[in-house]
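Input: a single structure, listed below in structure tokens.
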Amino acid sequence: MTADLPPPYTALTRHPMMARTSHDEAARFNFLTHFNRYLSGTIGKGNTLAYAKRAMPAFRAEHGREPTDRHEVRDAMNRDPWHRTWSALKRNSMEMRQQNGRQTVLRQLDDLDARAQRYNAASGQLELDPAVDQPWYQRAIDIHCQPGGYHSVERAGDVVAGANYDIGIFATTGGALGGLNDGGGQAVVEWAQRERPEWQPKRILDIGATVGHNAVPIAQAYPDAEVVAIDTAGASLRYGAARAAAMGVTNIRFVQASGEDLSRWDDGHFDWVQTTMFLHELSAKALPRLLAEANRVLAPGGLILHIEQPQYSDDMPLFEQFMRDWDAFNNNEPFWTAMHAQDLKQVMAEAGFPRDSQFTVGVRAVVDPAIFPPSPDDAEEDFGRAAVWNAYGAWKPAVWAMAA
Amino acid sequence: MDETEPLDWVALSGKRAKGRRPEFFEDPALDRLYSVVFALAGEVSVLRERLDTVERLLERNGSVNRADIEAYEPDRQAGEERGLATRAYLARIMRGFQQEVEAMEADDPPIGELVEKLGRE
Ligand SMILES: C[S@@+](CC[C@H](N)C(=O)[O-])C[C@H]1O[C@@H](n2cnc3c(N)ncnc32)[C@H](O)[C@@H]1O
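Read top to bottom, the protein sequences are chains A and B.
Throughout the first sequence, residue numbering follows the numbering used here, covering 70 to 473 in sequence.
Throughout the second sequence, residue numbering follows the numbering used here, covering 6 to 126 in sequence.
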């Protein structure tokens with residue numbers, strides 16, 4: 070009975086850099102956590118029913134055939150009153166999450182900025198580079214309805230973007246990422262340690278690290294390694310570096326740089342290149358460029374690993390593809406749909422990772438089960454937001470094949 | 006902006022996200038109304054949670070002050086009780102939506118058909 074109740078916000082591990090929530094601010098996140106679970110759980114099947122009973126028959130009557138791709142499904146469903154209602158609810162939930170988080174952070178910004186500045190000045194773990202541009206695909210729209218995106222500056226040197234990201238992700242994921250929102254990174258670590266128990270990577274690059282939710286657990290698991298977490302968004306890095314320092318994690322640096330241009334690192338510099346829930350926020354041209362750069366800086370024998378939601382394939386029902394696309398059209402994730410339709414293995418191969426060096430593996434957020442109930446299982450999966458992912462990876466061949 | 010001037014955090018927090026918002030309903034007033042109703046639904050939930058905190062503090066201490074309310078964190082059991090209450094609250098306010106889903110599943114004929122049938126048979 071209680072197994073599917075999300076934990077209260079106060080169950081999160083409040084690290085010293087985290088924005089402090091008043092009683093009511095925490096309660097707002099509690100409401101949203103429940104609300105999101107209600108939308109995907111209790112009434113989530115309304116979309117399936119509306120499609121089967123109304124939208125699909127109407128499409129068939131009009132066209133004399135079934136829809137052939139997810140976009141036709143979307144056109145049909147966008148006319149359905151239930152789907153519109155459900156989408157309106159979901160969109161509002163995203164917007165409320167943003168406003169609630171921003172109120173919390175902005176009202177205490179003086180304190181947060183000062184704390185971040187202290188941590189960053191003392192730790193030396195932050196390296197900003199004002200010459201790094203925000204890529205156009207980050208500026209064109211505010212991704213997942215986060216006002217100002219990952220990079221906006223409310224005033225010089227502020228940490229609003231990162232601080233708000235850190236407190237609100239609990240609500241949008243229904244508490245499924247664990248006490249430090251690092252369930253994904255912990256899953257990666259668990260996988261790597263099982264897969265190669267002896268492996269001790271020395272240099273690790275995390276591209277698009279945001280505030281380091283999933284880079285920090287890697288640094289913690291490999292204390293002898295040096296982790297470089299890069300992002301284009303200074304506003305997120307400032308917070309992320311301070312958060313890591315506040316948590317006492319010293320073997321990670323937050324560096325402002327674009328994954329499309331890793332020229333400051335030599336060929337083969339890193340033993341491991343990681344991206345987590347990142348590739349879907351690029352663009353069609355940026356993705357291959359970035360993967361080619363990742364390949365270049367990865368040492369022979371090294372690991373590249375991308376955590377994403379599963380790619381669409383012919384095996385995936387069109388309705389599921391359509392539902393997974395919801396964020397692209399309703400929650401400002403414009404690359405989501407094109408990215409998930411790509412044959413990532415082919416894209417990886419073209420970036421220099423031979424197909425026989427590639428693998429995919431399913432991973433599930435690793436969280437403390439005593440506090441956090443497991444992510445809803447596949448049956449009621451929250452199309453695209455569940456803490457269940459695919460890892461697309463490759464071990465870069467140690468010896469180059471002649472024909473390569 | 007002048008660094009020493011305090012930010013207007015209330016105004017800033019409502020900033021809109023760049024990107025055109027989908028219109029979910031034919032009448033834009035409905036879109037606005039949904040935003041209001043669910044923000045209020047959230048606030049009612051918050052009020053109820055706060056009251057629960059006050060009750061628990063009174064029960065434990067016999068008195069209550071604002072600092073204690075702000076510092077209150079439910080233990081495991083209280084967290085579950087409050088979570089269950091929130092779930093029950095949501096079930097009450099969302100009944101219309103939930104029953105619409107049930108109705109899609111059931112496919113009942115219009116009541117008029119039954120009225121007619123019972124008048125006949
Ligand atoms: C969804 S977030 C990634 C989440 C993060 N990896 C984690 O595990 O929590 C996407 C991030 O990618 C960053 N980003 C976008 N384009 C980039 C690029 N070309 N190079 C580096 N970072 C980029 C954004 O600023 C944003 O912080």
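We put the beta carbon where it would ideally sit given N, CA and C, even for glycine.
- With fewer than 16 other CB atoms across the displayed protein chains lying within 10 angstroms of its CB, A:S382 is exposed.
- Sixteen is the threshold: since fewer than 16 other Cβ atoms of the shown chains lie within 10 Å of the Cβ of B:P115, the residue is exposed.
- The nearest non-hydrogen atom of ligand 1 is less than 8 Å from the C-beta of A:E329.
- Distances between the C-beta of A:H220 and the heavy atoms of ligand 1 include at least one below 8 Å.
- Taking the CA atoms as reference points, A:G237 sits about 22 Å from A:I299.
- Between A:G248 and chain B, the shortest Cβ-Cβ separation is not below 9 Å.
- In the DSSP secondary-structure assignment, A:V457 is bridged to A:R433.
- Unbroken beta strand (DSSP E) stretches of 3 residues or longer found wholly inside the segment 245 to 326 of chain A: 272 to 276, 295 to 300, 321 to 325, given in chain order.
- About 19 Å separates the Cβ atoms of A:Y291 and A:H375, ruling out a contact at the 8 Å cut-off.
- Under the three-state reduction of DSSP output, A:G370 falls in the strand class.
- Taking 4 residues as the minimum length, the alpha helix (DSSP H) runs contained wholly in the segment 186 to 241 of chain A are 205 to 208, 229 to 241, in order along the chain.
- From the listed residues A:G226, A:D179, A:G218, A:S221, the smallest Cα separation to A:E196 is found for A:G226.
- Annotated three-state conformation of B:I74 is helix, per DSSP.
- When DSSP reads this structure, A:A463 sits in a beta bridge with A:I373, A:Q427.
- Residue pairing by DSSP places A:F339 opposite A:L367 in a beta bridge.
- Counting along the chain, A:D93 sits inside the alpha helix (DSSP H) bounded by residues 92 to 109.
- One thing to note: A:T345 has its Cβ within 9 Å of the Cβ of A:G254.
- Taking all protein chains shown into account, A:W151 has 16 or more neighbouring C-beta atoms within 10 Å of its C-beta and is therefore buried.
- Here A:F428 is exposed, its C-beta having fewer than 16 other C-beta atoms within 10 Å.
- DSSP, read as helix, strand or coil, puts A:T137 in coil.
- For the set A:R322, A:Q325, A:A245, the Cα lying nearest the Cα of A:L74 is the one of A:A245.
- Inclusion of A:Y206 and A:V280 in the CB contact set at 9 Å is not warranted, their separation being larger than that value.
- Nearest in C-alpha terms to B:T91, of all of B:V120, B:V49, B:A76, is B:V49.
- Under the Cβ criterion of 9 Å, A:M316 is not counted among the residues facing chain B.
- Contact check for A:V228 against A:L158 fails: the beta carbons are separated by 9 Å or more.
- From the listed residues A:N399, A:L274, A:N459, the smallest Cα separation to A:L360 is found for A:L274.
- B:S68 counts as exposed, since fewer than 16 other beta carbons sit within 10 angstroms of its beta carbon.
- DSSP places A:T345 within a strand segment (E or B) once states are collapsed to three.
- Taking 9 Å as the CB threshold, B:L123 stays off the interface with chain A.
- In terms of side-chain proximity, the C-beta atom of A:H282 is found nearer than 8 Å to a non-hydrogen atom of ligand 1.
- DSSP places B:V69 outside both helix and strand once states are collapsed to three, so it counts as coil.
- DSSP places B:P27 in the coil class of the three-state scheme, outside both helix and strand.
- Between A:E377 and A:H349, the C-beta spacing is below 9 Å.
- Across the segment 214 to 238 of chain A, CB contacts with chain B closer than 8 Å involve C214, Q215, P216, G217, G218, E223, R224, A225, in sequence order along the chain.
- Interface residue (Cβ-Cβ distance to chain B less than 9 Å): A:K465 is not classified as such.
- At a cut-off of 9 Å between beta-carbon atoms, A:Y381 makes no contact with chain B.
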